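Notes follow once the structure below has been shown.
There are 4 protein chains.
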Amino acid sequence: MTRMTERAMSPDEIVALMRADFPSWDQSGVKIEEAEYRACRLRLSYHDRFLRAGGTISGPVMFMLADTALFVAVIASVGPKSLSVTTNMSINFFRKPAPKDLIAECRLLKLGKRLAVGDITLFSDEETEPVAHATGTYSIPA
Amino acid sequence: MTRMTERAMSPDEIVALMRADFPSWDQSGVKIEEAEYRACRLRLSYHDRFLRAGGTISGPVMFMLADTALFVAVIASVGPKSLSVTTNMSINFFRKPAPKDLIAECRLLKLGKRLAVGDITLFSDEETEPVAHATGTYSIPA
Amino acid sequence: MTRMTERAMSPDEIVALMRADFPSWDQSGVKIEEAEYRACRLRLSYHDRFLRAGGTISGPVMFMLADTALFVAVIASVGPKSLSVTTNMSINFFRKPAPKDLIAECRLLKLGKRLAVGDITLFSDEETEPVAHATGTYSIPA
Amino acid sequence: MTRMTERAMSPDEIVALMRADFPSWDQSGVKIEEAEYRACRLRLSYHDRFLRAGGTISGPVMFMLADTALFVAVIASVGPKSLSVTTNMSINFFRKPAPKDLIAECRLLKLGKRLAVGDITLFSDEETEPVAHATGTYSIPA
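Residue numbers (my numbering), protein chains in the order written: chain A, 1 to 142; chain B, 1001 to 1142; chain C, 2001 to 2142; chain D, 3001 to 3142.
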């Protein structure tokens, strides 16, 4: 029995799926920079609507980006299972991100048949210290 | 030395602060139904833009509601500290919410000078089994 | 179709299972004070070996008690599935517990066929402010 | 202003501190294989007392190892602050570890003056797929 170690969907294929299944995709500001087997990198283009008090990008926006990154890493690995759902996400916020693009780097720590677990590190564009880190679980439908 | 056990801000005062400090508040769909010392209840009025694939309210929308509830419970207890920031939030999603209002019930488990920890249970309107549960920490500025 | 709302095992039955399947049970110091459908209360009898620097009960000891409480609440609800395993546990520590008994109160927030999620609040004996709070998920075998 | 990027304590110095402040250290089975600025690697020597039902190492034992690794990474970076305490730890269990040594690899994601956040990946000795992953926060005393 062979073990698949190549990605199941390319970034373009994933974007097509997101547009079809998530009507708000084009307004989200999210771009898929890379998508591989068990990993991806996303970019969130900065927009003023992401701000909260203090001039910083809000926590829910960072959560959205982390959750999307984990979803993209899962379907890049297992194919177009758009009914995969998050069952748990734990996120730590380290510092207030500047008003600029956010980068999410995701890797899958476990990829089982029913559950995938990954972590996501968020950076402000061109910076090296992360602004947030999340760990999450997706339930993959049969 | 007395220990304060009364709320520091009423729902109306909190709404005024949210409008001033979070420009997107009026578009958020969030209403404060109750706010007491160490507890609150919020309602998110249903809107189609909250949906994701599968006809269910998306995880980031539920995270936003949980995070807002914890913020409201904190400032209801300690006063107008709108620079309080989430340092950690862990959320578990139990079932797909129907396309209707969401209710968030929050209580503070710990209220220290610098840190507050609370949990938030999310329900679909008029249902008794929760759709999600979160636990989070806010860092309170001096 | 009826929905079971009665417990599947009594405290005595659970203790018998713990003794059979977890050889260290009798040395653990844990007692089951109550076990109901979707809830339980445990007591950890204080012992000096639980201490860490600062004269306080160590975090891993509190984790053990929380994890055991969730396990007991699950099997009290679904019967003797001793191969149920924790998939996730998130714990917040609020204050340093005094060197006395710890109480764990657990309730299940979700009880599905394959997954159960619950939260656990830990108290020092006869105190009202919790020392820690945890949320965890158990995977239940078929 | 210079930024310290060298470790504050060597493995031998950390072991001496652990022996002084944590009386159960020598019985814990934990060895410090490496300790650097913002990172460490520990080994837990296998012992039958770590087993739970199913012949696998128990969750609380893995939690203890993860928590210890984060503590070691913190004091390796900031010096002998043995009153540092965990405020939050979230752990995901991926597979049942075989009855053999466990390895913990820890890195600090944030190192502030008051808070440090790190993640810990646990492996069975000589295996490449992790058995568990945790993220935790330590509060560092002034």
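Glycine included, every Cβ here is placed at the ideal spot set by N, Cα and C. As the structure is a computational prediction, the values presented were derived from the model and not from experiment.
Residues Ala3035, Glu3036, Tyr3037, Ala3076 and Ser3077 of the same chain have their beta carbon placed closer than 7 Å to that of Arg3007 (chain D), with the five preceding and five following residues left out of the count. It is roughly 24 Å from the alpha-carbon of Ala3104 (chain D) to the alpha-carbon of Ser2084 (chain C).
Apart from the 5 residues on each side of it in sequence, Glu2129 (chain C) has no Cβ closer than 6 Å to any other Cβ in its chain.
For Lys110 (chain A), the residues of chain D that pass the 9 Å Cβ criterion are Asn3092, Phe3094, Arg3095, Glu3129, Pro3130 and His3133, in the order they occur in the chain.
Residues of chain D with a Cβ closer than 8 Å to the Cβ of Asp67 (chain A) do not exist, since the nearest Cβ in that chain sits about 16 Å away. Here the C-alpha atom of Arg3052 (chain D) lies approximately 7 Å from the C-alpha atom of Asp2021 (chain C).
Counting only the Cα atoms, Cys40 (chain A) lies some 7 Å from Val72 (chain A). Each residue's CA atom was taken as its position, placing Arg43 (chain A) and Ile1091 (chain B) some 23 Å apart.
Contact with chain B is absent for Thr2056 (chain C), since none of that chain's Cβ atoms lies less than 8 Å from the residue's Cβ. A straight line joining the alpha-carbon of Ile120 (chain A) with that of Pro23 (chain A) spans about 24 Å.
Burial state of Ala3116 (chain D) is buried, judged by a 10 Å Cβ sphere holding 16 or more other Cβ atoms.
Residue pairing for Tyr1138 (chain B): DSSP places it in a beta bridge opposite B:Thr1086 and B:Ala1116. Using a Cβ distance threshold of 8 Å, His1133 (chain B) and Leu2065 (chain C) do not count as a contacting pair. In the same chain as Ser2058 (chain C), and ignoring 5 residues on each side of it, the C-beta atoms closer than 8 Å to its own belong to Phe2050, Leu2051 and Arg2052, in chain order. Per DSSP, reduced to three states, the secondary structure at Ala8 (chain A) is coil, with no helix or strand assignment. Between the beta-carbon of Asp3101 (chain D) and that of Thr3086 (chain D) there is about 24 Å, and that puts the pair past the 8 Å contact cut. Taking C-beta atoms as the reference points, Phe94 (chain A) and Pro1060 (chain B) fail to come closer than 8 Å.
The C-beta of Thr2135 (chain C) has 16 or more other C-beta atoms within 10 Å across all chains shown, which makes the residue buried.
For Ala2035 (chain C), the enclosing beta strand (DSSP E) has its first and last residue at Val2030 to Glu2036.
A buried status is given to Thr137 (chain A), since no fewer than 16 other beta-carbon atoms sit within 10 Å of its beta-carbon.
Residues of chain C with a Cβ closer than 8 Å to the Cβ of Thr3087 (chain D) are, in chain order, Asn2092 and Phe2093. For Ala3098 (chain D), there is no enclosing beta strand (DSSP E), as DSSP gives it neither H nor E. Shown here, Phe2022 (chain C) sits in coil according to DSSP, grouped into three states, outside any helix or strand. For the set B:Asn1088, B:Glu1127, B:Val1074 and B:Asp1125, the Cα lying nearest the Cα of Arg1107 (chain B) is the one of B:Val1074. Taking a Cβ-Cβ cut-off of 9 Å, the neighbours of Thr2137 (chain C) in chain B comprise Asn1092, given in sequence order. In the DSSP assignment, Arg3107 (chain D) falls within the beta strand (DSSP E) that extends over Leu3102 to Leu3111. Residues of chain C with a Cβ closer than 7 Å to the Cβ of Gly3118 (chain D) do not exist; the shortest Cβ-Cβ separation is about 14 Å. With respect to the C-alpha of Glu1127 (chain B), the residue from B:Ala1098, B:Leu1070 and B:Gly1054 having the closest C-alpha is B:Ala1098.
The three-state reading of DSSP puts Ser3077 (chain D) in helix, counting H, G and I together. Assigned with DSSP and collapsed to three states, Thr68 (chain A) falls in helix. Neighbours of Met1064 (chain B) across chain A, judged by C-beta separation under 7 Å: Pro60.
For Arg3043 (chain D), the enclosing beta strand (DSSP E) covers residues Ala3039 to Leu3044.
For Lys2081 (chain C), same chain residues with a beta-carbon under 8 Å away, outside a window of 5 residues either side, are Val2074, Ile2075, Ile2140 and Pro2141 in chain order. Looking at the DSSP output, Arg3052 (chain D) sits in a beta bridge with D:Thr3056.
The beta carbon of Val1015 (chain B) is closer than 7 Å to those of Ile1032 in its chain, skipping five residues each way along the sequence.
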